[in-house]
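Heads up: the structure comes next, in structure tokens.
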Amino acid sequence: MGRDGTTGAEPRCAAGDLLAERLRGMRERTGRSLRELQGSVHASDSSLSRYLSGRTVPPWSVVQRLGEAAREDPAALRPLWAHLQRDDHRNGRCTPVLEYPPPAAGTPAAAAASEVPPVPGAHPGHQGSRAGLPARIRRHPAVFVGMLVLVTALVSGGLGVWLGLELAPGRPARAGLAASQDATCNSWAWPPSGVEGQVEVAPAEVHGADHRPTVRLEVGTVNGRRMAWAEIAGARFGDRVWMDWTDDDGETWTQCGPFTATTPSRTTPAHPLRRGWHFRACGDTPRPAARYARDQCTTYG
66 MGRDGTTGAE PRCAAGDLLA ERLRGMRERT GRSLRELQGS VHASDSSLSR YLSGRTVPPW
126 SVVQRLGEAA REDPAALRPL WAHLQRDDHR NGRCTPVLEY PPPAAGTPAA AAASEVPPVP
186 GAHPGHQGSR AGLPARIRRH PAVFVGMLVL VTALVSGGLG VWLGLELAPG RPARAGLAAS
246 QDATCNSWAW PPSGVEGQVE VAPAEVHGAD HRPTVRLEVG TVNGRRMAWA EIAGARFGDR
306 VWMDWTDDDG ETWTQCGPFT ATTPSRTTPA HPLRRGWHFR ACGDTPRPAA RYARDQCTTY
366 G
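Residues in the sequence shown are numbered from 66 upward in steps of one, following the working numbering.
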């Protein structure tokens, strides 16, 4: 799996393929096409195509909505989805799924899962068996899992605080926002003037007092690589645009911008597509219309 989230000529990621196969089965059980599912799952048909092919890991919210459309509980897929959020996957290195619980017995997903082959590269002693675990852990698995969750939370929390200080020193804490400053993206490439990207998710409309610009999340080729950027169109002087990106399903995010428009169209710098990363476009206007929020964002794509 390449660093930009594409497969290229490298071996495909078995874990990513497994999640994609489960999602394809779920989509088939909805009885609806990708285009028909766009509104229900809040993702474009092109984004859904990437998710179902294994090229990109979808946000968990998309998995949940796809499950709702199929009238299934996607909770059994959460461990596999979380496995794909690990740093080694985001950095383009694939690792096998050592333990992955199957869907609950008696569900349509369970019948489909029985036809999925085992993940290549998994260790024989770790395919759903606890035989290789110490006796105390086998007798008290809940205690072991609880300790593991606690340690993970402590480590992740400490790392998150450190990253927040490094990325945005001196900034007051804001729920969800990991960093917001131009320095986080000042080395990114700018989309060439006139380049037309593919709109990934439904645009968002900023309701100004005297105009309504739109913000779009676009994907296109910049410097020979597939990248994402945000654009505000129909803007007036003073309108702003920025792009957020997340690697934890939107629980926290980093903000690139904002950038002030001086012409009817303004973009942000572009970032290469990357497995496990999701982007959204946001914009605001100095004079919002009555009863409307000043800023608006697209969904993550």
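Ideal Cβ placement from N, Cα and C applies to all residues, glycine included.
(request) Please check the pair Leu88 and Ala134, which I expect to be a contact at CB under 8 angstroms, by giving their CB distance rounded to whole angstroms. (result) For this step, residue 88 is matched to residue 23 along the sequence shown. For this step, residue 134 is matched to residue 69 along the sequence shown. Their Cβ separation, rounded to whole angstroms, is 11 angstroms, which puts Leu88 and Ala134 out of contact at 8 angstroms.
(request) Would you tell me roughly how many angstroms separate the C-alpha atoms of Thr328 and Pro337, rounded to the nearest one? (result) Along the sequence shown, one-based indexing puts residue 328 at 263. Along the sequence shown, one-based indexing puts residue 337 at 272. Computed Cα separation, rounded: 26 angstroms.
(message) Which residue marks the beginning of the alpha helix (DSSP H) containing Ala79, and which one marks its end?
(response) Working through the sequence shown from its first residue, we reach residue 79 at position 14. Taken as a continuous stretch (DSSP letters only), the alpha helix (DSSP H) holding Ala79 covers 79-95.
(message) Quick check: the Cα distance between Gly90 and Val128, rounded to an integer number of angstroms?
(response) The residue labelled residue 90 in the question sits at position 25 within the sequence shown. The residue labelled residue 128 in the question sits at position 63 within the sequence shown. Cα to Cα, Gly90 sits roughly 12 angstroms from Val128.
(message) So if DSSP puts Ala298 in a beta bridge, which residue, or which two residues, is it bridged to?
(response) The residue labelled residue 298 in the question sits at position 233 within the sequence shown. Partner(s): Thr279, Ser330.
(request) Could you have a look at His336 and say whether DSSP puts it in helix, strand or coil? (result) Mapped onto the sequence shown, residue 336 falls at position 271. In this structure, His336 counts as strand in the three-state DSSP scheme.
(message) Less than 7 angstroms between the beta carbons of Val106 and Leu149, yes or no?
(response) The count along the sequence shown starts at 1 and reaches residue 106 at position 41. The count along the sequence shown starts at 1 and reaches residue 149 at position 84. In this structure, Leu149 does not lie closer than 7 angstroms to Val106 by Cβ.
(request) Enumerate in chain order the residues of its own chain whose CB-to-CB distance from Arg130 is below 7 angstroms, with the five nearest sequence positions on each side excluded. (result) By 1-based counting over the sequence shown, the position of residue 130 is 65. For Arg130, where only same-chain residues beyond five positions count, the Cβ hits under 7 angstroms are Ser105, Val106, His107.
(message) Can you check which of these residues, Ala298, Arg136, Ala346, Ser111, is closest to Thr319 by C-alpha distance?
(response) One-based indexing of the sequence shown puts residue 319 at position 254. The residue with the shortest Cα to Cα distance from Thr319 is Ala346.
(message) Going by beta-carbon coordinates alone, are Ile297 and Arg352 separated by less than 7 angstroms?
(response) As a first step, residue 297 must be located in the sequence shown, where it is residue number 232. As a first step, residue 352 must be located in the sequence shown, where it is residue number 287. No, they are not a contact pair.
(request) May I ask you to list the residues that DSSP assigns as paired with Asp138? (result) Within the sequence shown, residue 138 is the residue found at index 73, counting from 1. Paired residue(s): none; Asp138 is not in a bridge.
(request) Could you say which of Arg291, Pro323, Thr311 lies nearest to Arg120 if we only look at CA atoms? (result) For the purposes of this step, residue 120 is identified with residue 55 of the sequence shown, where counting begins at 1. Minimum Cα distance to Arg120 is reached at Arg291.
(message) Between Thr311, Arg281, Ala274, which has its C-alpha nearest Thr363's C-alpha?
(response) To locate residue 363, count along the sequence shown from 1; it is residue 298. Nearest C-alpha to Thr363: Arg281.
(request) Indicate whether Pro278 and Ala300 have their beta-carbon atoms separated by less than 7 angstroms. (result) As a first step, residue 278 is located in the sequence shown; it is residue number 213 there, counting from the start. As a first step, residue 300 is located in the sequence shown; it is residue number 235 there, counting from the start. Closer than 7 angstroms, so yes.
(message) For Arg349 and Val271, what's the separation of their Cα atoms in angstroms?
(response) Here residue 349 refers to the residue found at position 284 when the sequence shown is read from its first residue. Here residue 271 refers to the residue found at position 206 when the sequence shown is read from its first residue. Note on residue identity: the sequence assigns Asp, not Arg, to residue 349. If I take the Cα positions, the gap works out to 6 angstroms.
(request) Compute the Euclidean distance between the alpha carbons of Val264 and Pro144, then round it to the nearest angstrom. (result) For this step, residue 264 is matched to residue 199 along the sequence shown. For this step, residue 144 is matched to residue 79 along the sequence shown. When rounded, the distance between both Cα atoms is 30 angstroms.
(request) Count the other C-beta atoms from every protein chain shown that fall within 10 angstroms of the C-beta of Trp310, then say buried if there are 16 or more, exposed otherwise. (result) Sequence index remark: in the sequence shown, residue 310 carries index 245 (1-based). Trp310 comes out buried.
(request) Determine the closest residue to Trp342 out of Arg92, Arg115, Leu83, with distance taken between C-alpha atoms. (result) Against the sequence shown, residue 342 aligns to sequence position 277. The option with the nearest alpha carbon to Trp342 is Arg115.
(request) Please work out which residues of its chain come closer than 7 angstroms, Cβ to Cβ, to Ser112, disregarding the five sequence neighbours upstream and downstream, and give them in chain order. (result) Within the sequence shown, the letter at position 47 stands for residue 112. Glu265, Val266, Gly366.
(request) Indicate whether Glu283 and Gly262 have their beta-carbon atoms separated by less than 7 angstroms. (result) Taking the first residue of the sequence shown as position 1, residue 283 is located at position 218. Taking the first residue of the sequence shown as position 1, residue 262 is located at position 197. Taking 7 angstroms as the Cβ cut-off, Glu283 and Gly262 qualify as a contacting pair.
(message) With distance defined between alpha-carbon atoms, name the residue in Phe344, Ala254, Gly322 nearest to Pro268.
(response) On the sequence shown, residue 268 is found 203 positions in, with the first residue counted as 1. Comparing Cα positions, the closest option is Phe344.
(message) Which residue marks the beginning of the alpha helix (DSSP H) containing Gln103, and which one marks its end?
(response) Within the sequence shown, numbered from 1, the residue matching residue 103 stands at position 38. Its alpha helix (DSSP H) spans residues 99-106.
(message) Can you check which of these residues, Arg97, Phe302, Val287, is closest to Arg136 by C-alpha distance?
(response) The sequence position of residue 136 within the sequence shown is 71, counting from 1. Ranking Arg97, Phe302, Val287 by Cα distance to Arg136 puts Arg97 first.
(request) Look at the alpha carbon of Trp294 and the alpha carbon of Glu93, and state the distance between them as a whole number of angstroms. (result) As a working note, residue 294 is residue 229 in the sequence shown. As a working note, residue 93 is residue 28 in the sequence shown. Answer to the nearest angstrom: the Cα atoms are 31 angstroms apart.
(request) Tell me whether the beta-carbon of Trp307 lies closer than 7 angstroms to the beta-carbon of Gly322. (result) In the sequence shown, residue 307 corresponds to position 242, counting from 1. In the sequence shown, residue 322 corresponds to position 257, counting from 1. Result yes, Cβ atoms of Trp307 and Gly322 sit closer than 7 angstroms.
(request) Take the Cβ of Pro256 as the centre, count every other Cβ of all protein chains shown within 10 Å, and call the residue buried at 16 or more, exposed below. (result) The residue given as residue 256 occupies position 191 in the sequence shown. That one is buried.
(request) Check Ala147 in the structure and name its three-state DSSP category. (result) Within the sequence shown, residue 147 is the residue found at index 82, counting from 1. Correct three-state label for Ala147: helix.
(message) For Arg100, which residues in the same chain have their Cβ closer than 7 angstroms to its Cβ, ignoring the five residues on either side in sequence?
(response) Mapped onto the sequence shown, residue 100 falls at position 35. Contacts found: Asp110.
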